[in-house]
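Student: Quick one: structure below, then a few questions.
2 protein chains.
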Amino acid sequence: MANALRVGIAGLGTVGIGALKILNQRANELTLSAGRPIRVTAVASRDRTRDRGIDVSQYLWFENPVEMAGSPEIDIFVETIGGAEGPAHDAVKAALKAGKPVVTANKALLAKHGAELARLAETNGVAIAFEPAAAGGIPVIKALKESLVGNRITRVSGIMNGTCNYILSRMEAEGLSFAECLKDAQRLGYAEADPTFDVEGFDTAHKLALLTSLAFGTEVDSDSIYVEGISGVTPLDLKMADELGFRIKLLGVAERTSQGIEQRVHPTMVPKTSQLAQVMGVLNAVSIQADPVGELTFVGPGAGAGATGSAVVGDILDIARGANVATFGRSAGALEKPVRAPIRQHEGGYYIRMDVKDVPGAAARIATRMAERGISLESILQKGSRDRSTGGTVPVVLITYATSEAKLREALSDIAGDGVLEGDPQAIRIER
Amino acid sequence: MANALRVGIAGLGTVGIGALKILNQRANELTLSAGRPIRVTAVASRDRTRDRGIDVSQYLWFENPVEMAGSPEIDIFVETIGGAEGPAHDAVKAALKAGKPVVTANKALLAKHGAELARLAETNGVAIAFEPAAAGGIPVIKALKESLVGNRITRVSGIMNGTCNYILSRMEAEGLSFAECLKDAQRLGYAEADPTFDVEGFDTAHKLALLTSLAFGTEVDSDSIYVEGISGVTPLDLKMADELGFRIKLLGVAERTSQGIEQRVHPTMVPKTSQLAQVMGVLNAVSIQADPVGELTFVGPGAGAGATGSAVVGDILDIARGANVATFGRSAGALEKPVRAPIRQHEGGYYIRMDVKDVPGAAARIATRMAERGISLESILQKGSRDRSTGGTVPVVLITYATSEAKLREALSDIAGDGVLEGDPQAIRIER
């Protein structure tokens, strides 16, 4: 039997400990699958005294992950520290320079430095594997990097943040406000004390940037992602969505358009009958549209020790079996510079909700403004008459046929100028 | 750049031509992904004159696939001939003996000869890849063989035959009979002239046998699969299922039980809210329950040139990149002999529909017989009174709590002995 693969794990939080437990508990099966033992030899973490529910005293201990990266006692470097800069970035570079393959769960790091790190990996004859970095336990990175290369991918869309999906699911089921559901999510450990990164869509954007690169053979380009979170979604929007046959999900979407590659993260109305609409609670899901295979959807747990640990171990196994697939599926030099399609050129349908002042001719005014910009309406709903709680306004909901974001913004600005609205209109993009 | 990988394709039907088209159309992208060109150099088929919608005159032509398998002009043998015996079996053996890796779409071949062929592959230092053999375009073989090895898999269940799912979907949506929907499926090309292999569950069983081996690390054991098709499902069953909150799907299920590994294919009641219940028409889906990752579900096209061609090309790409993963995920000698759990030991809930003679005390008699065998009833439905069309009988539907198949059969036999039934009772297993 071949030599053991010696693993060093940097970061002993949820992901690192999750992987460590699996490597211990499934050691025999992993040896059979890899054709060689996979053995953790070293760990890196600052705090040696913390109780992690597992004995780590048998491993070489490094306070500095950069030092572990260069140690002759490890063959592969597993990075679960997190953060786009600092120790994670330094240690991954050090491991690659030392000719050691890297497995990382760090989406922020790759979203920011992916192109640079892929080049460095290649120069040193190794690769970076990152299944745990997007959609946790769902093997969608491998699907894009390996299984689907025969296809021309046209679109990737996904629910990739369990916190947001949990909040939206509860808001829908119970008619609660965003703030109430967020509080519950924090109590249950589904949301951080500062939830901005999750609920404002940045976490999803990082994951989307990685999937986009793999799907379209382009350099990671997280700066060009349009990002909008779920904090502005109201119970009324969810109720209206339900009546119109939709659910609201925070989606990350990357697609080829005639303008280039469009990447966007925002609350989205999806038909109730779609696969993504069925995904409730903290689950994640990714749909891929590809030619000639068609549409594939993967659903599963996106976070937690079990899900991310499973993904880390899958990547380690590949490397133990001798895989050395280029970080983003092809040589770093062969990744194209992405042509960005700006969100103003997005084409699609919209849900618009406005609080309209109850004055004669207001609705006619709105419809006229839309028509002037060439926007056709699929439906108009006016719920009840005057809403007492908003002081004499009437909620009006429009569903538009496909139009461009630029035209829509102009029409909404025209309508605002007419002084018939109370507050700002709500606009949610529709994906069919 | 490394040498080209020279591909020989045996069988120029849907799958072979599907793969050939992709290899031509995506040649540049595949070269970038593989780091070397992937070039078809030879094809094998008996009929040279048939129009296949693509020019195949540029390839070396073999009438005998066994000859192509041994040709020095190919590095990898792609088998899309089909059939468990004969030329497919002979040619795959010849390719392996010549030290050539094999990609095959042939579930019947592997379901029958999987263990033998895996050993032969290993002896010759190569492997058999078979992503197209189960669930077509869905990369579930790779997920089990590579991504999920860190997990202890407890259950695999799937909708793996598009013909059956199409028929059941239409029966449900339109209240039509099995025979009517089968006719339509044949007209649309979704079902063969002789549909037995699909509708009686044998196709699903072959696919299940392969997933079972990968999931549990056991030798392929298709002989121990309990198989029951969908031809006995009636529109009334689908209507009752709907009222009770279920859909009926033909599932292949493999699970660990205290008795061993249970493998079964049968019409199954699944809750409408489950992921599998959302899968309609010719789509396929596979759900995997694994510890610690949790439950993963994959949905996508299971058949057709695009789906199977995509899977073939994914496998070829892996081999071009140097992968040599053991056929069933671990050394053939390390595959365990499966301990079979017979269907009579199956534990679960049941839907029972009976045509009960409208005589005093019939219902009480049935309930008593169930109780005598220790079977608890979750619900009893008696729809309408006397059904004129069945000549004075009343349809009675029972939903049982979990019980054993053996007990249920005994109870049904007791009830039949009481002479209160017209015809045989319908029994459909429930999966929650």
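First to last, the sequence lines map onto chains L and D. Mapping to the numbering used here: the first sequence position 331 is 333, numbers consecutive. Mapping to the numbering used here: the second sequence position 158 is 160, numbers consecutive. Glycine residues also receive a C-beta, built at the ideal position from the N, C-alpha and C atoms. Since this is a predicted model, take the numbers as computed values, not measurements.
#1: Taking ASN26 of chain D as the query, report the chain L residues whose CB atoms sit under 9 Å from its CB, ordered along the chain.
#2: Three or more C-beta pairs closer than 8 Å, one from the region 367 to 375 of chain L and one from the region 3 to 17 of chain D: is that the case here?
#3: Give me, in chain order, the residues of the same chain whose beta-carbon lies closer than 6 Å to that of GLU65 of chain L; leave out the 5 immediate sequence neighbours on both sides.
#4: By DSSP, does ILE197 of chain L sit in helix, in strand, or in coil?
#5: Taking 7 Å as the CB-CB limit, is SER35 of chain D close to chain L?
#6: To the nearest angstrom, how far is the alpha carbon of THR259 of chain D from that of ALA343 of chain D?
#7: Taking three-plus beta-carbon pairs below 8 Å as touching, is the region 138 to 154 of chain D in contact with the region 108 to 118 of chain D?
#8: Using DSSP's beta-bridge definition, name the partner residues of GLU424 of chain D.
#9: Provide the residue span of the alpha helix (DSSP H) that contains MET173 of chain D, from first to last.
#10: For LEU22 of chain L, would you say it is in contact with chain D, using Cβ-to-Cβ distances shorter than 7 Å as the test?
#11: So, for ALA36 of chain L: in the same chain, excluding its five sequence neighbours on each side, which residues have a beta-carbon less than 8 Å away from its beta-carbon?
#12: Cα separation between ARG38 of chain D and MET173 of chain D?
#13: What is the DSSP secondary structure of ARG154 of chain L, reduced to helix, strand or coil?
#14: Tell me the rounded alpha-carbon separation between GLY72 of chain L and ALA123 of chain L.
#15: Would you say the region 216 to 229 of chain D touches the region 412 to 428 of chain D, given that touching needs at least three Cβ pairs under 8 Å?
#16: Can you confirm whether the region 80 to 100 of chain L touches the region 289 to 306 of chain L when touching is taken to mean that 3 or more C-beta pairs between the two stretches lie within less than 8 Å?
#17: What is the rounded straight-line gap between the Cα of GLU133 of chain D and the Cα of ALA100 of chain D?
#18: Is LEU319 of chain D close to chain L? Criterion is C-beta to C-beta, closer than 7 Å.
#19: Please go through the same chain and pick out, in chain order, the residues whose beta-carbon is closer than 6 Å to the beta-carbon of THR310 of chain D, but skip the five residues on each side of it.
#20: Is the shortest distance between the beta-carbon of PRO237 of chain L and the beta-carbons of chain D less than 7 Å?
#21: In chain order, what residues of the same chain lie with their CB nearer than 6 Å to the CB of GLU257 of chain D, ignoring the 5 residues before and after it?
#22: Report the residues of the region 122 to 155 of chain L with a CB closer than 8 Å to any CB of chain D, ordered along the chain.
#23: With 16 other CB atoms within 10 Å as the buried threshold, where does ASN163 of chain D fall?
#24: Taking Cβ-Cβ distances below 9 Å as the criterion, which residues of the region 64 to 84 of chain D are in contact with chain L?
#25: Can you give me, in chain order, the residues of the region 292 to 308 of chain L that have a beta carbon less than 9 Å from any beta carbon in chain D?
#26: DSSP three-state label for ARG54 of chain L, please.
#27: Got a sec? Which residues, its chain only, sit under 8 Å from ASP389 of chain D by beta carbon, not counting five neighbours each side?
#28: Reducing DSSP to helix, strand and coil, say where PRO144 of chain D ends up.
#29: State the Cα-Cα distance for the pair LEU146 of chain D and LEU212 of chain D, rounded to the nearest angstrom.
#30: Any C-beta of chain L within less than 8 Å: which residues of the region 196 to 230 of chain D qualify?
#31: On the three-state DSSP scale, how would you describe ASN286 of chain D?
#32: From what residue to what residue does the beta strand (DSSP E) around ARG332 of chain D run?
#33: What is the rounded straight-line gap between the Cα of LEU62 of chain D and the Cα of VAL94 of chain D?
#34: If you draw a straight line from the alpha carbon of ALA364 of chain L to that of GLN384 of chain L, how long is it in whole angstroms?
#35: For THR270 of chain L, collect the residues of the same chain with a Cβ closer than 6 Å to its Cβ; drop the 5 residues on either side in sequence, then sort them by chain order.
#36: Rounded to the nearest angstrom, what separates GLY421 of chain D and ILE377 of chain D at their Cα positions?
Tutor: Reading from the atomic positions:
#1: Near ASN26 of chain D there are no residues of chain L at all, since even the closest Cβ is about 11 Å away, more than 9 Å.
#2: Because the criterion of three Cβ pairs below 8 Å is not met, the region 367 to 375 of chain L and the region 3 to 17 of chain D do not touch.
#3: ARG48
#4: Looking at the sequence itself, residue 197 of chain L is Pro, so the reference to Ile does not match. If DSSP states are grouped into helix, strand and coil, PRO197 of chain L belongs with coil.
#5: yes
#6: About 7 Å.
#7: no
#8: In DSSP, GLU424 of chain D forms a bridge with D:ASP357.
#9: Segment 164 to 176, the alpha helix (DSSP H) holding MET173 of chain D.
#10: no
#11: LEU7, LEU319, ALA322, ARG323
#12: 49 Å
#13: strand
#14: 15 Å
#15: no
#16: The region 289 to 306 of chain L is not in contact with the region 80 to 100 of chain L.
#17: 22 Å
#18: Interface residue (Cβ-Cβ distance to chain L less than 7 Å): LEU319 of chain D is classified as such.
#19: VAL17, GLY20, ALA107, PRO134, GLY138
#20: no
#21: ARG157, GLU264
#22: GLU133, GLY139, ILE140, PRO141, LYS144, ALA145, GLU148, SER149, LEU150, VAL151, GLY152, ASN153, ARG154
#23: buried
#24: The residues in question: there are none.
#25: ALA292, ASP293, PRO294, VAL295, GLY296, GLU297, LEU298, THR299, PHE300, VAL301, GLY302, PRO303, GLY306, ALA307, GLY308
#26: coil
#27: With a pLDDT of 49 at ASP389 of chain D, under the threshold of 50, the predicted position of this residue should be treated as unreliable, though the coordinate-derived value follows. A distance below 8 Å between beta-carbons, with the five flanking residues on each side excluded, links ASP389 of chain D to the following residues of its chain, in chain order: ASP357, THR395, VAL396, PRO397.
#28: The sequence given here places Lys at residue 144 of chain D; Pro does not occur at that position. Reduced to three states, the DSSP call for LYS144 of chain D is helix.
#29: Looking at the two C-alpha atoms, the distance is approximately 10 Å.
#30: GLY219
#31: Under the three-state reduction of DSSP, ASN286 of chain D is assigned to strand.
#32: Element bounds for ARG332 of chain D: n/a, residue is neither H nor E.
#33: Going by the C-alpha atoms only, they are around 18 Å apart.
#34: Each residue's Cα considered, the two are about 12 Å apart.
#35: LYS251, LEU253, ARG431, GLU433
#36: 20 Å
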